[in-house]
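Numbering (the working numbering), first residue to last: 352 to 485.
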């Protein structure tokens, strides 16, 4: 299966990783904040899923990744995306794409616990950064 995953475009891995991470963030917010208006939950989710946040969270934990995980991240980061959101820094967007590619790779590989561990670290890092900024 791993050989098959290496044939996937890093952007396809990021496409899956984006969905996996978004669901993790939404689940986290429901557990942390409970039943709230959807627009409040959406605003809270953007703090975790925007490119700059994902890039910072990835950089903060990269030293803990295996060589294989770092390779997948680099493939995603270096992939040529034809679109970059106008409100995102291109370097942040590329690092966020790398992080999403890693999450997609781990999810498709069946390493859900490892993906969850990386996402939980990312959310904890971003919550702490948000607390310090206030």
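Note that the Cβ used here is the ideal one computed from N, Cα and C, for glycine as well.
- A distance below 7 Å between beta-carbons, with the five flanking residues on each side excluded, links residue 456 to the following residues of its chain, in chain order: 356, 364 and 423.
- An exposed status is given to residue 381, since fewer than 16 other beta-carbon atoms sit within 10 Å of its beta-carbon.
- Between residue 377 and the set 399, 362 and 436, the nearest pair of CA atoms involves 399.
- Secondary structure within the region 410-467: the alpha helix (DSSP H) runs of 4 or more consecutive residues, fully enclosed, are 418-429 and 441-460 (chain order).
- Rounded to the nearest angstrom, the gap between the Cα atoms of residue 368 and residue 452 is 6 Å.
- Going by DSSP, residue 361 is part of the alpha helix (DSSP H) stretching over 361-384.
- Exposure of residue 436 is indicated by the presence of fewer than 16 other C-beta atoms within 10 angstroms of its C-beta.
- One alpha carbon belongs to residue 438, the other to residue 459, and they sit about 30 Å apart.
- In its chain, beyond the 5 residues on either side, 443, 446 and 447 have a beta carbon closer than 6 Å to the beta carbon of residue 406.
- With contact defined as three or more Cβ pairs closer than 8 Å, the region 465-479 and the region 406-417 are in contact.
- With a threshold of 16 other beta carbon atoms within 10 Å, residue 466 meets it and is buried.
- Nearest C-alpha to residue 396 among 484, 477 and 482: 477.
- In the three-state reduction of the DSSP assignment, residue 483 falls in the helix class, which pools H, G and I.
- Non-local beta-carbon contacts of residue 373 in its own chain, meaning distances under 8 Å to residues more than five positions away in sequence, involve 396 and 400 in chain order.
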